[in-house]
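First to last, the sequence lines map onto chains A and B. Read in order, the letters of the first sequence are residues 22 to 395 in our numbering. Read in order, the letters of the second sequence are residues 4 to 295 in our numbering. Heads up: the structure comes next, in structure tokens.
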Amino acid sequence: MNHKLLKKTLLATAMLSSLNSQAAFLSVLSKSMGTINPEAKISGPVYRHETKKEDQYGDEVAKILLEEAHKQAKEYLAEGNTEAYYAFMILALTVPNQEGLYVHFREVPAQEEYCRDKRTQGDGISGESVNELFKVVFNNHKPVPEELKDVGFFRGLFGGKKLKERLEQLEKENQEREKNGFLLPCSKMTGNESTYRQLILGGWDGSDVGMMQVSVKFHYDKFLKPKKYQSVRETIQYGLGYIKKRFDVILGKNTTPTYIADPESSYVCFTDENGKVNYQAVVQGSWAAYNGGPAQRCRFTRIDDPENEYAGHDKGFLVSMKKTTDLNKGRFFGFNEEGQLPLSETMKKALAEVVTNYEQKTNNRQHISQIVGE
Amino acid sequence: MLKKLILSLFIIGPIIWWAFFSSKEKAPPENLIPKDLTNKIEGINRDNLKKVIRPENQKKEEFKKLTALNFQPSLYLADPKVTAGNCRKFLEETYQDLKKCYKDGCGQRPEEEDGFYDPALTTSMISMKRILEVALLEPEKLEADEWLSLDDLKDMLNVENEDVRKLALKNMMVLHKKDPQVFNEVLRSSEELEGEKAADLMGELMNYVDKDNKAAFMETLNLIAKEKDAYTANKVLRRTQDIRASEAQIKAIGQDLCRFKNDTFNFNGLNYSLKNMATASGHQFSLKDYCR
Numbered sequence: 022m023n024h025k026l027l028k029k030t031l032l033a034t035a036m037l038s039s040l041n042s043q044a045a046f047l048s049v050l051s052k053s054m055g056t057i058n059p060e061a062k063i064s065g066p067v068y069r070h071e072t073k074k075e076d077q078y079g080d081e082v083a084k085i086l087l088e089e090a091h092k093q094a095k096e097y098l099a100e101g102n103t104e105a106y107y108a109f110m111i112l113a114l115t116v117p118n119q120e121g122l123y124v125h126f127r128e129v130p131a132q133e134e135y136c137r138d139k140r141t142q143g144d145g146i147s148g149e150s151v152n153e154l155f156k157v158v159f160n161n162h163k164p165v166p167e168e169l170k171d172v173g174f175f176r177g178l179f180g181g182k183k184l185k186e187r188l189e190q191l192e193k194e195n196q197e198r199e200k201n202g203f204l205l206p207c208s209k210m211t212g213n214e215s216t217y218r219q220l221i222l223g224g225w226d227g228s229d230v231g232m233m234q235v236s237v238k239f240h241y242d243k244f245l246k247p248k249k250y251q252s253v254r255e256t257i258q259y260g261l262g263y264i265k266k267r268f269d270v271i272l273g274k275n276t277t278p279t280y281i282a283d284p285e286s287s288y289v290c291f292t293d294e295n296g297k298v299n300y301q302a303v304v305q306g307s308w309a310a311y312n313g314g315p316a317q318r319c320r321f322t323r324i325d326d327p328e329n330e331y332a333g334h335d336k337g338f339l340v341s342m343k344k345t346t347d348l349n350k351g352r353f354f355g356f357n358e359e360g361q362l363p364l365s366e367t368m369k370k371a372l373a374e375v376v377t378n379y380e381q382k383t384n385n386r387q388h389i390s391q392i393v394g395e
Numbered sequence: 004m005l006k007k008l009i010l011s012l013f014i015i016g017p018i019i020w021w022a023f024f025s026s027k028e029k030a031p032p033e034n035l036i037p038k039d040l041t042n043k044i045e046g047i048n049r050d051n052l053k054k055v056i057r058p059e060n061q062k063k064e065e066f067k068k069l070t071a072l073n074f075q076p077s078l079y080l081a082d083p084k085v086t087a088g089n090c091r092k093f094l095e096e097t098y099q100d101l102k103k104c105y106k107d108g109c110g111q112r113p114e115e116e117d118g119f120y121d122p123a124l125t126t127s128m129i130s131m132k133r134i135l136e137v138a139l140l141e142p143e144k145l146e147a148d149e150w151l152s153l154d155d156l157k158d159m160l161n162v163e164n165e166d167v168r169k170l171a172l173k174n175m176m177v178l179h180k181k182d183p184q185v186f187n188e189v190l191r192s193s194e195e196l197e198g199e200k201a202a203d204l205m206g207e208l209m210n211y212v213d214k215d216n217k218a219a220f221m222e223t224l225n226l227i228a229k230e231k232d233a234y235t236a237n238k239v240l241r242r243t244q245d246i247r248a249s250e251a252q253i254k255a256i257g258q259d260l261c262r263f264k265n266d267t268f269n270f271n272g273l274n275y276s277l278k279n280m281a282t283a284s285g286h287q288f289s290l291k292d293y294c295r
């Protein structure tokens, strides 16, 4: 096993599984937040730990999730494929919890303990071009021209003085440009702020953005460039759209006899022993494909394989999925007890209805309809 | 002589050592990472392309701008640094280099942390997309029809990136529009395609259907209903609902889809698609009733 990966997996698992106190939950969030420029515009619910109930944060997040998931999946309802519809709703309720603890933006007192300038400036990202991409997108930097990237090495040695000056000039310019970046290091705040707004930047190195943990590395054109991260709804819409494509392929091909009959088919992991669709497997496989790429869709079947480097990811997802499916058994909505998000009675009933319909293959929508506006 | 040589080594050696290492110490940490290790660390973006693009082109402004973070096709072609060079030659050569391996990612490896790899999102695939975007903007100036052959573009209809598929089709219809058979050539490509790839092709071709080629288009829909799997048929019909088919044509398609009536999931989808197609055409049709 790759030792670096093992260490990361263990640390990530430890961080997420040992959250049994308020301090621990907030501490995990704080390690993964970049601070937003007070002048920047954002839209959507903002998590404030002390006032989450009064803010109705839980309802706002759940409403967006149900609405956007419904938009993606309603054709399944129209077709008469209600099981598929509710499987996607379960997926849509689970992924943002698994990925972002149902947090996209948060607001905290303007105190030093909440500053993680390393995340704000993408300094944990080791790849040169991804690091640069982060700074261009979030810190308003100008890209470093190719000819300036090796200046340090030749500094003072082979007459690279002019290049050195240009690099220093660019560094100064970028320092100045940072003031207008979407993210702003706390060291550059005016000091008059009473609170900081923050964006969750997860993953090992802070390169995964927002509640859906969209990677900076792969989603520049359609997510970062149009600044969808500035909106909770647009981030969820984008993430759910991406995962829906995986879900559709799995479900569509899964039920095609050619694929079922072929034991070598990589879709056979989605049927039960009677050849019928196993919707839990479809949900797990969709997320595995979201997390690891399309070829990883059956990765979850090797959850107990000690040789499987990513088993921890799928184990974690199963835990998150259980949190969702316990919503009709009295469980709270949220990552854990300290991160729980109080809900209105209507919303609790709507979420419970989703789960019950999923489990019992029914289609009662009395409360769901009130939320998604049918 | 030997003594002088040894003496000079003792004097000059430390001077060289001091100059070399003292400048290194002042350099920011990231510049101390050897280039080949940087390639291993990131394995994406420009460094992946450097393995496949011919070396002389990697130094060109056309290459830097093509791989720039803020690439936009119209700005690329208007950039004086790009127009100063031979953009057409660069694009053709880069296209030829990428063609050899872009479908397999040109050596790009899965992410170390989570094993993430999506063939639709590799650097080489995105670069191919950008070349197609540029070719579509200025096809005559870039003489794109000479280096983007019909066969090459047909090949792209089967890649994992939906933007590349759509751009390939658009380029086929623009660059090779003088070929009276181009529409039929594209239609024939559907024989090799499945699922969302077939659906993207047929859906995009809807934009080019006219009274002269509609019969051929409907024939292809029939063929798909007759020969493809339920998933593919469903996807294609969903994208071609607005074709305005006659009642007879819809029944003919329905006839070929009855074979799927035991595939509940996809049959539900097919029923819905064909019902919508009928409604959009001013008819009523239920596949479930028809196949009883």
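Beta carbons: idealized from backbone N, C-alpha and C, even for Gly.
Exercise for the section: Could you tell me which residues DSSP puts in a beta bridge with residue 219 of chain A? Expected result: Stepping through the first sequence from its first residue, residue 219 of chain A is reached at position 198. Its beta-bridge partners are A:56 and A:127.
Problem - C-beta atoms of residue 378 of chain A and residue 97 of chain A nearer than 8 Å - result: Translated into the one-based positions of the first sequence, residue 378 of chain A becomes position 357. Translated into the one-based positions of the first sequence, residue 97 of chain A becomes position 76. Not a contact, by the Cβ cut-off of 8 Å.
Exercise for the section: Give the DSSP-derived three-state secondary structure of residue 120 of chain B in the structure shown. Expected result: Counting from 1 along the second sequence, the entry for residue 120 of chain B is found at position 117. If DSSP states are grouped into helix, strand and coil, residue 120 of chain B belongs with coil.
Exercise for the section: Please classify residue 259 of chain A: does DSSP put it in a helix, a strand, or coil? Expected result: The count along the first sequence starts at 1 and reaches residue 259 of chain A at position 238. Here residue 259 of chain A sits in helix by DSSP.
Practice task
For the alpha helix (DSSP H) containing residue 56 of chain B, list its first residue and its last residue.
Solution key: Walking along the second sequence from the start, residue 56 of chain B turns up at place 53. Membership of residue 56 of chain B in any alpha helix (DSSP H) is not indicated, and neither H nor E is assigned to it by DSSP.
Practice task
Would you identify the three-state DSSP class for residue 267 of chain B, choosing helix, strand or coil?
Solution key: For the purposes of this step, residue 267 of chain B is identified with residue 264 of the second sequence, where counting begins at 1. The three-state reading of DSSP puts residue 267 of chain B in helix, counting H, G and I together.
Practice task
Would you give the residue range spanned by the alpha helix (DSSP H) that residue 213 of chain B belongs to?
Solution key: If you number the second sequence from 1, residue 213 of chain B lands on position 210. No residue range can be given for residue 213 of chain B, since it is assigned to no alpha helix (DSSP H) and is classified by DSSP as neither H nor E.
Practice task
Mind listing the chain A neighbours of residue 71 of chain B? Cutoff is C-beta to C-beta under 9 Å, in chain order.
Solution key: Here the question's residue 71 of chain B lines up with position 68 in the second sequence. Residues of chain A passing the Cβ test: 164.
Exercise for the section: Inspect the beta-carbon positions of residue 320 of chain A and residue 335 of chain A and report whether they are closer than 8 Å. Expected result: Within the first sequence, numbered from 1, the residue matching residue 320 of chain A stands at position 299. Within the first sequence, numbered from 1, the residue matching residue 335 of chain A stands at position 314. Cβ distance < 8 Å, so residue 320 of chain A and residue 335 of chain A count as in contact.
Problem - Backbone CA spacing between residue 220 of chain B and residue 235 of chain B [nearest angstrom] - result: Within the second sequence, the letter at position 217 stands for residue 220 of chain B. Within the second sequence, the letter at position 232 stands for residue 235 of chain B. C-alpha separation (whole angstroms): 16 Å.
Practice task
Below 6 Å CB to CB, which residues in the same chain sit around residue 380 of chain A once its five sequence neighbours on both sides are set aside?
Solution key: Locating residue 380 of chain A in the first sequence gives position 359, where the first residue counts as 1. Shown here for residue 380 of chain A: not one same chain residue has a beta carbon closer than 6 Å to its own, the five before and five after excluded.
Practice task
Return no unless some Cβ of chain A is closer than 8 Å to the Cβ of residue 290 of chain B.
Solution key: Counted from its first residue, the second sequence places residue 290 of chain B at position 287. Cβ-Cβ to chain A under 8 Å: no for residue 290 of chain B.
Problem - Exposed unless 16 or more other CB atoms sit within 10 angstroms - verdict on residue 371 of chain A - result: One-based indexing of the first sequence puts residue 371 of chain A at position 350. So residue 371 of chain A ends up on the buried side.
Exercise for the section: Could you tell me the distance, in whole angstroms, from the CA atom of residue 175 of chain B to the CA atom of residue 67 of chain B? Expected result: Numbered from 1 along the second sequence, position 172 holds the residue referred to as residue 175 of chain B. Numbered from 1 along the second sequence, position 64 holds the residue referred to as residue 67 of chain B. Taking the straight line from one Cα to the other gives about 27 Å.
Handout entry: Complete runs of the alpha helix (DSSP H) confined to the segment 289-352 of chain A [at least 4 residues]
Key = Listed in chain order, the alpha helix (DSSP H) elements of length 4 or more contained wholly in the segment 289-352 of chain A are 300-313 and 332-346.
Practice task
Consider the Cβ of residue 67 of chain B: report whether some Cβ of chain A lies at a distance smaller than 8 Å.
Solution key: Translated into the one-based positions of the second sequence, residue 67 of chain B becomes position 64. True, the Cβ-Cβ gap to chain A drops below 8 Å.
Handout entry: Other residues of its chain near residue 87 of chain A: CB distance less than 6 Å, five sequence neighbours each side excluded
Key = For the purposes of this step, residue 87 of chain A is taken as residue 66 along the first sequence, with counting starting at 1. For residue 87 of chain A, where only same-chain residues beyond five positions count, the Cβ hits under 6 Å are 392 and 393.
Practice task
Using a Cβ cut-off of 8 Å, pull out every chain B residue sitting near residue 376 of chain A, in sequence order please.
Solution key: By 1-based counting over the first sequence, the position of residue 376 of chain A is 355. Ordered by position in chain B, no residue passes the 8 Å Cβ test against residue 376 of chain A, which lies about 21 Å from the chain.
Exercise for the section: Starting from residue 76 of chain B, follow the alpha helix (DSSP H) in both directions and report where the run begins and ends. Expected result: Numbered from 1 along the second sequence, position 73 holds the residue referred to as residue 76 of chain B. In the DSSP annotation of this structure, the continuous segment of the alpha helix (DSSP H) that includes residue 76 of chain B starts and ends at 76-81.
Practice task
Take the Cβ of residue 150 of chain A as the centre, count every other Cβ of all protein chains shown within 10 Å, and call the residue buried at 16 or more, exposed below.
Solution key: Start at 1 with the first residue of the first sequence, and residue 150 of chain A comes out as number 129. By the Cβ neighbour-count rule, residue 150 of chain A is buried, with 16 or more other Cβ atoms within 10 Å of its own.
Practice task
Check the DSSP bridge columns for residue 355 of chain A and list the partner residues they point to.
Solution key: Counted from its first residue, the first sequence places residue 355 of chain A at position 334. Secondary-structure assignment with DSSP links residue 355 of chain A through a beta bridge to A:361.
Practice task
With 8 Å as the C-beta to C-beta threshold (strictly closer), list the residues of the segment 95-113 of chain B near chain A in chain order.
Solution key: Taken in chain order, the members of the segment 95-113 of chain B whose beta-carbon sits within less than 8 Å of a beta-carbon on chain A are 113.
Exercise for the section: Spatial neighbours of residue 141 of chain B within its chain, please: CB distance less than 7 Å, with the 5 preceding and 5 following residues excluded, ordered by chain position. Expected result: Taking the first residue of the second sequence as 1, we reach residue 141 of chain B at position 138. These residues qualify, in order along the chain: 80.
Practice task
Output, in chain order, the set of chain A residues within a Cβ distance shorter than 8 Å of residue 237 of chain B.
Solution key: In the second sequence, counting from the first residue as 1, residue 237 of chain B sits at position 234. By Cβ distance, chain A contributes 273.
Exercise for the section: On the DSSP bridge assignment, give the partners of residue 204 of chain A in chain order. Expected result: As a position in the first sequence, residue 204 of chain A is number 183, starting the count at 1. A:57, per the DSSP bridge assignment.
Practice task
Determine the chain A residues that contact residue 121 of chain B at a beta-carbon separation under 8 Å, and present them in chain order.
Solution key: Residue numbering aside, residue 121 of chain B sits at position 118 when the second sequence is read from its first letter. Within 8 Å Cβ-Cβ: 239, 314 and 315.
Exercise for the section: Mark residue 28 of chain A as exposed unless 16 or more other C-beta atoms lie within 10 angstroms of its C-beta, in which case mark it buried. Expected result: Your numbering for residue 28 of chain A matches position 7 in the first sequence. Confidence at residue 28 of chain A is low in this model, with a pLDDT of 38, below 50, so its placement is unreliable and the value that follows should be read with caution. Result: exposed.
Problem - Three CB pairs or more closer than 8 Å across the segment 147-163 of chain B and the segment 342-352 of chain A - result: The way I'd put it, the segment 147-163 of chain B doesn't touch the segment 342-352 of chain A; fewer than three beta-carbon pairs between them come closer than 8 Å.
Exercise for the section: Give the C-beta separation of residue 56 of chain A and residue 219 of chain A to the nearest angstrom, bearing in mind that I take them to be a contact with Cβ-Cβ under 8 Å. Expected result: To locate residue 56 of chain A, count along the first sequence from 1; it is residue 35. To locate residue 219 of chain A, count along the first sequence from 1; it is residue 198. Right, the Cβ-Cβ distance comes to about 5 Å (below 8 Å), so this counts as a contact.
Problem - Short Cβ contact (8 Å threshold) for residue 235 of chain A with residue 229 of chain A - result: The residue you call residue 235 of chain A lines up with position 214 of the first sequence. The residue you call residue 229 of chain A lines up with position 208 of the first sequence. Contact: yes.
Handout entry: Contact set for residue 135 of chain B: own chain, Cβ-Cβ below 7 Å, skip 5 residues either direction
Key = Position 132 of the second sequence, counted from the first residue, corresponds to residue 135 of chain B. The answer, listed in chain order, is 167, 170, 171 and 174.
Exercise for the section: Could you please give the first and the last residue of the uninterrupted alpha helix (DSSP H) stretch that includes residue 87 of chain B? Expected result: Your numbering for residue 87 of chain B matches position 84 in the second sequence. Per DSSP, residue 87 of chain B is not a residue of any alpha helix (DSSP H), being assigned neither H nor E.
Practice task
Anything in chain B within Cβ reach of residue 102 of chain A, meaning under 8 Å, just list it in chain order.
Solution key: The residue labelled residue 102 of chain A in the question sits at position 81 within the first sequence. For residue 102 of chain A, the chain B residues whose C-beta falls within less than 8 Å of its own C-beta are 268, 271 and 272, listed in chain order.
Exercise for the section: Measure from the C-beta of residue 234 of chain B to each C-beta in chain A and report whether the shortest distance is under 8 Å. Expected result: Reading the second sequence from its first residue, position 231 is the one you call residue 234 of chain B. Yes, its Cβ sits closer than 8 Å to a Cβ of chain A.
Problem - Terminal residues of the alpha helix (DSSP H) in which residue 93 of chain A lies - result: Your numbering for residue 93 of chain A matches position 72 in the first sequence. Per DSSP, residue 93 of chain A belongs to the alpha helix (DSSP H) from 78-100.
Practice task
Flag residue 222 of chain A as yes if its beta-carbon sits less than 8 Å from any beta-carbon of chain B, otherwise no.
Solution key: Indexing the first sequence from 1 puts residue 222 of chain A at position 201. At least 8 Å separates the CB of residue 222 of chain A from every CB of chain B.
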